[in-house]
Every structure is written in C-alpha cells, then in structure tokens.
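Peer 1: Just so you know, the protein sequences line up as chains U and E, in that order.
Add 879 to the 1-based position in the first sequence for my numbering, that's all there is to it.
Add 879 to the 1-based position in the second sequence for my numbering, that's all there is to it.
Idealized CB from N, CA, C, for every residue including glycine.
Handing you a structure now.
Number of protein chains: 2
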Amino acid sequence: MIDSPDVLAIDIGGTKMAAALIAADGRIERRSQVVTAPVAADAGDELWATLAALLDEVVGDTVPGGIGVGCGGPMNWAHGDVSPLNIPAWRDYPLRRRVEERFPGTTVRLHNDAIAMAVGEHWQGAGRGSRGFLGLVVSTGVGGGLVVDGKVIAGQSGNAGHIGHVVVDPNGPDCACGGRGCLEAIARGPAVVDWAVQNGWQPRSGDSDGRSLLAAATAGHEIALAAFARAGHALGVALASAAHLLELDTVAVGGGLANAGETLLGPARVAFATHTKMPFAARCEIVPAVLGGDAGLVGAAAFIHHSEQYWPGGAD
Amino acid sequence: MIDSPDVLAIDIGGTKMAAALIAADGRIERRSQVVTAPVAADAGDELWATLAALLDEVVGDTVPGGIGVGCGGPMNWAHGDVSPLNIPAWRDYPLRRRVEERFPGTTVRLHNDAIAMAVGEHWQGAGRGSRGFLGLVVSTGVGGGLVVDGKVIAGQSGNAGHIGHVVVDPNGPDCACGGRGCLEAIARGPAVVDWAVQNGWQPRSGDSDGRSLLAAATAGHEIALAAFARAGHALGVALASAAHLLELDTVAVGGGLANAGETLLGPARVAFATHTKMPFAARCEIVPAVLGGDAGLVGAAAFIHHSEQYWPGGAD
C-alpha cells in the first residue's frame, strides 16, 4: 500500500454511485461509477458492498490522504448517517462509519450532494474566484449550495442553500414540501413537463419527459418553449431574492434541466434583471455550471483538500 | 488621559447621532446623542464638528480601546467613506479618516447601520446564541443583517442582508430601487400608510403617518389593521425565503413599524408558517428586537470587542 496525497471522492445519487481519486490541484486521477441498483429496503449492506467494491477498484494499492463524500439528502451530516430520498435501502444508514471502517485512520467528511456540487463549481468550475456564489441543480428537485465571503455556508443542520424553497409566487402552486409557490414547485423537471402537458403539449414519442420536452423546445414548439420560459422566470425571481440577501456575484446552474441552456437561462436572466436594479445585485451573472456530473466528486474532494474554505466548521 | 478597555461606539442616522462607551461584556457605560441637525450640502465638516464634540463628551478623559461605527448607507466601507441617504451634507465623506485623526493610533471600524443593528441583537439581544440569525429594521426602509454559522455575512461590498429587496410578489408594486414586488415596496412605513389612505383610512388628527396608523389599528380600525396585516404577510413571505436559503433559526424585527408588535408580527408568522413546512426552516422564530435604539451602538462595539465573529473579514 502506498500513501497518496490524493483524496478519495465519493458521490452518491439515486441513479449512480461514483468515486474518484482527486489531486490537490483538482485533477481527477482515476474515476469509476456503478449504477445504484435497487435493493430490498432491508438490504442496505448489500448496496454498501457494491459501493465498497467500487472504492477498492478506484484506490487500487494506494491509501488516500482523506475521503470526501457527497450524498443525496436528507441526512444527519454531523452523525454521518444518510437517508437519501431515492435510496430506500438506506434510512439512517451509518455511511460515514462504514467508510471509516474500510479505511481506518483516514479522515472521512460527508455532506449533502448539493453542497458538494456548489463547492466543486466554486473550486474548479464556473464559480472560481467568486465572493458570493450559489451553485444550483435543477433536476427532479431544485437544490443548491452557497459559498459567500470565502466560506461555504451550510447552516446548523446542513440545510442552508435550499434555493428550491424560496417563494417565487405566494399564490403559486402547492409544493411537495407542504409550502406554496416555491421555486421547486414550478421549475423542477416533472413540474415543467406537467405544465406543458396540461397546456396541450403532446410528445411525439409518447414519452412526456424533460428530454422530449427539450427536444420539442429546440424544434421551436411554442408550448414547450413557454414551459421552459415559465420555469426560467421563476428561477430568475428566486435568484433576485438570493442576490439581494447575499450579494451574490455568480450563480451557476447545473442539473438535467440546465441542458436546456439559453431556453431556460435566457428567461431567467430577463426576470432577474426586472427584479434587480441596485448595482451590487444587478451585476450578478447567471451562468451554466461547467463540471457536469463531476461537480459533486470535485466538491467532495475539496472538503479535504481545502477544508478551511469548504468544510462547514472550518479548517482541520 | 486614561487607557480604557471600553470601546467607543458611534451610531449615525438621519435623525440622530449617538455615541457610547461600551464594556467588553456589552454594558453601556456612558451614552449621549444629538439631533442630526440639517446643514448645507457643502457643510459636511460642520456636521462632523457636532459629532466630534459629542465624541469628546462621551470619552471624557479616557482613551478608548477601539472605535466602532455604524452609519446609514450607502457607503464604501472598505475605504471608510459614507454617503448616507438622509444626510446630504455627507457624500463620499471620509468619516473613518476623520475619526482616526481625532483618535490617533486607535483602530476604527465602520460599517452599515443595518449590519451593526443585527450584530448588536445577536451579541446582546434577541439573537443571542442563534446559529442562523437575521436582524431587520422595518422603518422608512427595510434593511437587515445576517449572522450565520457564527459569523457576520457582509458580502464583498458590504451589501448582504438586503432583505428589503427580496421579491415577495413578482407582480407587486414598483419599488424605489427600480425593481418590482420587493418587500420594502410593500412593508416600508410610508407604503403601509399610503395603502391605508388609498383604501379609505383618514387619520383623525390629519397626520397620516405610521404613528397615527398604529393608533388607529390599536383602536381596532379595520383598514389600519388590514394595512399592517398586508405588510406582515409580505414580511412573512420574505422571511420564508430567507429561512430556507440560510437555515435561519431566529429573526428579530426592529424599527419604527415593529412598534406595532403582534399587529405586524402576527400576520408575518401566519404567512411564514404557510410557506415553511420543512422542519429545518419551520422552526425559525420571528421575535421583536429587544435593544431598541441601542442595537446599532452595541453592534458597533462588537466590531471591536468580538471581531473574530462580528467584523467582516474576521479577527484582528
């Protein structure tokens, strides 16, 4: 076994689990992933065995200098237990302890995947050098993470950055969170597709999903374009509120729906400009995230490589 | 002259200028204030002479251990120049340099009064022990400051905390900032009074100001109550957004309009509860600020006494 300065980064989502060795300069040295195969609700250790095999493959004969993990929420990050919404087999699953047992003596840091994504984009992606940064993911849900005044903001229980539940229309649609008029209720992928269907869009292929809606929008379909414009408008309003509150200078938008590019971001910028006129907020730029599926891995590595900035609670 | 561990705190607003000697435990040892007498637009030094006399009176024969200043914005706090909206005689006025010249060798720290107020309430008032705190002032304008994860959040140019320009209704009234549907456009004192007058309220005395509107509400006048309820609703919506984004646990509301107490805060709590259902946000409490007119002085002292937490940029 060879001691390595590289960090083992782990990114766990409902569809895939990825791991990588990441150097101090952010380079991905080695990377692998597996599908998050569904297992029985009581077979959490089976899923862990799959992940453990992936980790062994990635580290090879090296001992990593530390381990960072980003995982879907909810979680109790201070305890290291996870209950990812899309992984029913893990409920209060002691993921951090499992990893620590596998790599004795190595520091393991676990946090929400939205925070890992934002940290990754700030360290190596679209947020580099930003003094007021929000990284967000528009996908099945809408999540985000904040790096402001040079530090990640996590909140006491790690829930800061929940841009998806900023209120964009107090009389808007009900949200799955129980609230009303949240950004997520309007801009999450399934809500965008639902709105298009309710307003008369019929997918050619029969698949009414975000991908086919985007194809329709790209082909100039009016209702499809309006669906993305509505989501973009909601996004712009939420970002205007966030920019005023936190003096954001950069917002990076990733996730499946961000593949719509300007179809989504164009209307977002228009709404943002309507609602931010004071220079300190108006100067904020809304840009696409650039690290794609690697953002969570890169951010998880930063929990170790740059803990003074990126690990909630600070330096070692 | 006697060296003192006390801090000289200064709070400068459009109506009064206050100064105090404040001990390390937050006690106000000595306090004085003068009216901010209007002077000609080119007589900035005249106003300074009035302030300097006040400072001399407060320090007496002691040399303070440091000086903290909270002042109305806008300002360039890094340069120490101020241009308070309500003090036309000071435009890019080198206030920090003037204070430094008066007290050579003493550290002087100057920041926005909204941040000083929030810091004061966090250190010694309604926000004590909070891990996610917003202190806000509802008055002629609506401003605020943030202390999250144990640190004040100021933003690169010191403009973080602008809760007044969180969007509470994208189709709402135009705001003086140039935006639309901002909290401030609905909840600032003059807007609350205007709405009441437009909806048929006629003050008995002839003075249509916040004080007489509050008297009417206290007497049970329906339109007056509705005016405060509308402002409170807007406040609750804005706070719901902020609570999700920053995992706030405590919001302290001060300023002239906060004298309405439950007439304003009751409707704010109802709207907040409608829009925050996830436990991490719903647990946030909306309470009255407790330090009143002293919050800014106490916070300015904390810029020196507890710079590691309360001075943007950190410890000495």
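How about L1136/U and V1017/U: do their beta carbons lie closer than 7 angstroms?
Peer 2: For L1136/U and V1017/U, yes; Cβs fall inside 7 angstroms.
Peer 1: Hey, quick one: how far does the alpha helix (DSSP H) through T1153/U stretch, first residue to last?
Peer 2: Annotation for T1153/U: the continuous alpha helix (DSSP H) segment containing it runs E1141 to H1154.
Peer 1: For S911/E, which residues does DSSP report across the bridge?
Peer 2: A898/E
Peer 1: Report buried or exposed for L1124/E, applying the criterion of at least 16 other Cβ atoms within 10 angstroms of its Cβ.
Peer 2: buried
Peer 1: Can you tell me where the alpha helix (DSSP H) with I1183/U in it begins and where it stops?
Peer 2: A1174 to H1184
Peer 1: For R1007/E and A1117/E, what's the separation of their Cα atoms in angstroms?
Peer 2: 22 angstroms
Peer 1: Identify which residue in H1112/E, G893/E and P1049/E has its Cα closest to the Cα of L865/E.
Peer 2: The structure shown does not extend to residue 865/E, since chain E is modelled only from 880 through 1195, so no value can be given for it.
Peer 1: Could you tell me which chain E residues have their CB closer than 8 angstroms to the CB of H990/U, listed as they occur along the chain?
Peer 2: Result: empty, since nearest Cβ-Cβ is about 13 angstroms, beyond 8 angstroms.
Peer 1: Identify the contact partners of V1027/U in chain E, using a Cβ-Cβ distance below 8 angstroms as the criterion.
Peer 2: I1032, G1034 and A1039
Peer 1: Could you please give the first and the last residue of the uninterrupted alpha helix (DSSP H) stretch that includes T985/U?
Peer 2: Note, T985/U: premise wrong, no alpha helix (DSSP H); not H, not E.
Peer 1: S883/E to P943/E, Cα distance in whole Å?
Peer 2: 5 angstroms
Peer 1: From this set, E1063/U, V1027/U, D992/U and V1047/U, which residue's C-alpha is nearest T1019/U's C-alpha?
Peer 2: E1063/U
Peer 1: Taking the alpha carbon of D921/E as the reference point, which residue from W1190/E, Q1035/E, A1033/E and A968/E has its own alpha carbon closest?
Peer 2: Distance check between D921/E and each of W1190/E, Q1035/E, A1033/E and A968/E places A968/E closest, using alpha-carbon atoms only.
Peer 1: When we look at the beta-carbon of P963/E and count the other beta-carbons within 10 Å, is it buried (16 or more) or exposed?
Peer 2: buried
Peer 1: CB G833/E to CB M996/E, shorter than 7 angstroms?
Peer 2: Outside the shown range of chain E, which is 880 to 1195, sits residue 833/E, and nothing can be said about it.
Peer 1: Is the separation between the beta-carbon of G1068/E and that of G1089/E shorter than 7 angstroms?
Peer 2: yes
Peer 1: Any idea if N991/U is buried or exposed, counting beta-carbon neighbours within 10 angstroms, 16 or more meaning buried?
Peer 2: buried
Peer 1: Answer with yes or no whether the minimum CB distance from C1056/E to chain U is below 7 angstroms.
Peer 2: yes
Peer 1: So, is the C-beta of A1121/U closer than 7 angstroms to a C-beta in chain E?
Peer 2: Cβ-Cβ to chain E under 7 angstroms: yes for A1121/U.
Peer 1: If we ignore side chains and look at the alpha-carbon of each, how far apart do P953/E and C1054/U end up?
Peer 2: 38 angstroms
Peer 1: With DSSP run on the structure shown, which of helix, strand or coil describes V1130/U?
Peer 2: strand
Peer 1: Which of the residues in the region 1128-1158 of chain E, read from start to end, lie with their CB under 8 angstroms from any CB of chain U?
Peer 2: D1128, A1150, T1153, H1154, T1155, K1156 and M1157
Peer 1: In whole angstroms, give me the CA-to-CA distance for E1141/E and C1163/E.
Peer 2: 17 angstroms
Peer 1: Have a look at I868/U and T1153/U and give me their C-alpha separation to the nearest angstrom.
Peer 2: Outside the displayed span of chain U (880 to 1195) sits residue 868/U, for which this structure offers no information.
Peer 1: Would you please verify whether the beta carbon of L887/U is less than 7 angstroms from any beta carbon of chain E?
Peer 2: no
Peer 1: Less than 7 angstroms between the C-beta atoms of A1131/U and V1177/U, yes or no?
Peer 2: no
Peer 1: Consider the C-beta atom of N1038/E and the heavy atoms of the ligand MN; say whether any pair is separated by less than 6 angstroms.
Peer 2: With respect to small molecules bound, the structure shown includes none, and the ligand MN cannot be examined in it.
Peer 1: Identify, in the order they occur along the chain, each residue of the same chain with its Cβ nearer than 7 angstroms to the Cβ of A1070/E, setting aside the five sequence neighbours on each side.
Peer 2: A1064
Peer 1: Measuring straight from C-alpha to C-alpha, what distance separates W1190/U and A897/U?
Peer 2: Cα to Cα, W1190/U sits roughly 20 angstroms from A897/U.
Peer 1: Can you find a C-beta in chain E that's less than 7 angstroms from the C-beta of V914/U?
Peer 2: no
Peer 1: Can you check whether the CB of L989/U is closer than 7 angstroms to the CB of R970/U?
Peer 2: no
Peer 1: Just grab the DSSP bridge partners of Y972/E for me.
Peer 2: According to DSSP, which records beta bridges pairwise, Y972/E is partnered with V961/E.
Peer 1: Hey, L926/U and V913/U: beta-carbon distance below 7 angstroms or not?
Peer 2: Between L926/U and V913/U, the C-beta gap is not smaller than 7 angstroms, which leaves the two residues out of contact.
Peer 1: Taking P858/E as part of the beta strand (DSSP E), name the residues at either end of that continuous run.
Peer 2: Coverage of chain E is limited to positions 880 through 1195, which leaves residue 858/E absent and any answer about it impossible.
Peer 1: Taking C-beta to C-beta, are A1106/U and P1146/U nearer than 7 angstroms?
Peer 2: no
Peer 1: Using the C-alpha atoms, what's the distance from G999/E back to A1179/E?
Peer 2: 7 angstroms
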